[in-house]
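Everything below concerns the one structure shown next.
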Amino acid sequence: RVPGGKKYAEAIVSDYMALEEKNREHREATYHRLHCQDLLVQHNQNMDDSVRTVHEKCKQYDRENPDDQILGLIFPEKAFGPYVRNNMLKEPAIVEQLVVRLESLGKEHPMYAVAGLLKRPLREMGKAILALSEATRHEKIAKTERDIVKVNLVKQYRANFFDACKDLGKKK
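Residue numbers for the sequence shown follow the numbering used here, beginning at -11 and rising by one.
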């Protein structure tokens, strides 16, 4: 310990505590973003499962009604792969097309109600995408605020160093 150095340590404490707080906020924002990513993956899995279920129901309907084949109408590729192996952020728009195709059959068609299997997962995916977007934005803001406080701490440290050199370097 250097005699007279206490005032320099005290000058930096508030900036150091502010940095600790901003580090904590950034860490919490990162954890929240990761949680939102996990939820998005989970909702994407649920939506993929629903697409597979709808595909199977269409195949079953075609087997039971050979004169009214709808698999090719609902799934033009006759496979569910293009709907489940897509970018998670783009998948809802593609799956929405399935809903539109199913609803185009008309309310009296037995497969019309199957569209409902996709609507809830689509809503959940939409909410999860928005939550992830907001969490990512919040994390970036927290990181920026942390970086600003870090710069302020370094400025204060340098100012303290030069002041200490001037004050403590003087001979009486």
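For glycine and all other residues, C-beta sits at the position ideal for the given N, C-alpha and C.
Separation of T132 and R51 (C-alpha to C-alpha, rounded to the nearest whole angstrom) is 59 Å. Relative to the Cα of P98, the nearest Cα in the group E16, N53, E84 and N34 belongs to N53. By the criterion of a C-beta distance shorter than 7 Å, L105 is surrounded in its chain by S38, T41 and V42, once the five residues flanking it on both sides are discounted. Secondary structure remark: continuous alpha helix (DSSP H) runs of at least 4 residues inside the segment 72 to 159, in chain order: 79 to 91 and 104 to 156.
The residue among L86, L61 and D135 with its C-alpha nearest the C-alpha of E8 is D135. The Cβ atoms of P70 and I82 sit closer than 9 Å to each other. Considering only E122, H126, A(-3) and K143, the residue with the shortest C-alpha distance to E13 is H126. The closest CA to that of I129, considering only R21, N148, F150 and K45, is found on R21.
Residue state for K66 is assigned as coil, using DSSP reduced to three classes.
Secondary structure note for D26: its alpha helix (DSSP H) is the uninterrupted segment K(-6) to E52. In this structure, A(-1) lies away from L141, with their beta-carbon atoms at least 9 Å apart. By the CB criterion at 9 Å, E96 and N34 fall outside the cutoff.
Between L93 and D26, the alpha-carbon positions lie close to 35 Å from each other.
In the same chain as L77, and ignoring 5 residues on each side of it, the C-beta atoms closer than 8 Å to its own belong to I117, in chain order.
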